[in-house]
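Visitor:
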Amino acid sequence: MSTLSVLYTGDPDRDIGSLSKRLQTEVKPNGQPSFTPVIALGLMLFVLIYFPCLATIVAIKNETNSWGWALFAASYSLVLAWLMAFGVYQLFG
Numbered sequence: 007m008s009t010l011s012v013l014y015t016g017d018p019d020r021d022i023g024s025l026s027k028r029l030q031t032e033v034k035p036n037g038q039p040s041f042t043p044v045i046a047l048g049l050m051l052f053v054l055i056y057f058p059c060l061a062t063i064v065a066i067k068n069e070t071n072s073w074g075w076a077l078f079a080a081s082y083s084l085v086l087a088w089l090m091a092f093g094v095y096q097l098f099g
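Residue 7 is where the sequence shown starts when you use this note's numbering, and the numbers rise one by one after that.
1. Going by C-alpha to C-alpha distance, which of 66, 60, 51, 67 sits closest to residue 85?
2. Please report the distance separating the alpha-carbon of residue 67 from that of residue 33.
3. Run through DSSP, which three-state label would residue 39 get?
4. Could you compute how far the alpha carbon of residue 31 sits from the alpha carbon of residue 98?
5. Buried or exposed: residue 74, going by 16 or more other Cβ atoms within 10 Å of its Cβ?
6. Could you tell me if residue 46 is buried or exposed, where buried requires 16 or more neighbouring beta carbons within 10 angstroms of its beta carbon?
7. Among all the DSSP beta bridges, which residues are the ones paired with residue 33?
8. Rounded to whole angstroms, what's the CA-CA distance from residue 94 to residue 49? Just pull it up for me.
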């Protein structure tokens with residue numbers, strides 16, 4: 007939710023209240039809502055699965071003494087997160 011809050015703040019012309027209200031009223035040019043429950047689930051899955059921060063990758067590098075494992079961990083978690091989010095969107099969207 008903090009990611010969505012950052013994305014949807016700072017527009018004084020469209021300040022209509024809470025984040026949930028802004029997400030409900032935001033629409034694409036074709037008239038469909040920007041965030042459906044399936045899109046929100048995919049975003050939450052992606053954010054929960056990908057590597058959390060650069061410090062994690064550096065810690066992996068320091069523990070294994072190899073940038074290869076650190077880059078593998080970062081790549082693996084990003085690909086897995088994308089595949090899970092994509093799969094949820096394709097199955098339920």
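From the three backbone atoms N, C-alpha and C, an ideal C-beta is built for every residue, glycine too. Here the structure is a predicted model, which is why all the values come from computation and not from measurement.
Guide: Reading from the atomic positions:
1. The residue you call residue 85 lines up with position 79 of the sequence shown. With distances taken between Cα atoms, residue 85 lies closest to 51.
2. Within the sequence shown, the letter at position 61 stands for residue 67. Within the sequence shown, the letter at position 27 stands for residue 33. Each residue's Cα considered, the two are about 43 Å apart.
3. What you label residue 39 is simply residue 33 of the sequence shown in a count that begins at 1. The answer is strand: DSSP assigns residue 39 an E or B state.
4. As a working note, residue 31 is residue 25 in the sequence shown. As a working note, residue 98 is residue 92 in the sequence shown. Each residue's Cα considered, the two are about 22 Å apart.
5. Numbered from 1 along the sequence shown, position 68 holds the residue referred to as residue 74. Answer is exposed; the Cβ neighbour count stays below 16.
6. Along the sequence shown, read from residue 1 onward, the residue named residue 46 stands at position 40. The residue is exposed, with fewer than 16 neighbouring Cβ atoms inside 10 Å.
7. Working through the sequence shown from its first residue, we reach residue 33 at position 27. Under DSSP, residue 33 forms a beta bridge with 39.
8. Looking up residue 94 in the sequence shown gives position 88. Looking up residue 49 in the sequence shown gives position 43. Roughly 10 Å separates the two Cα atoms.
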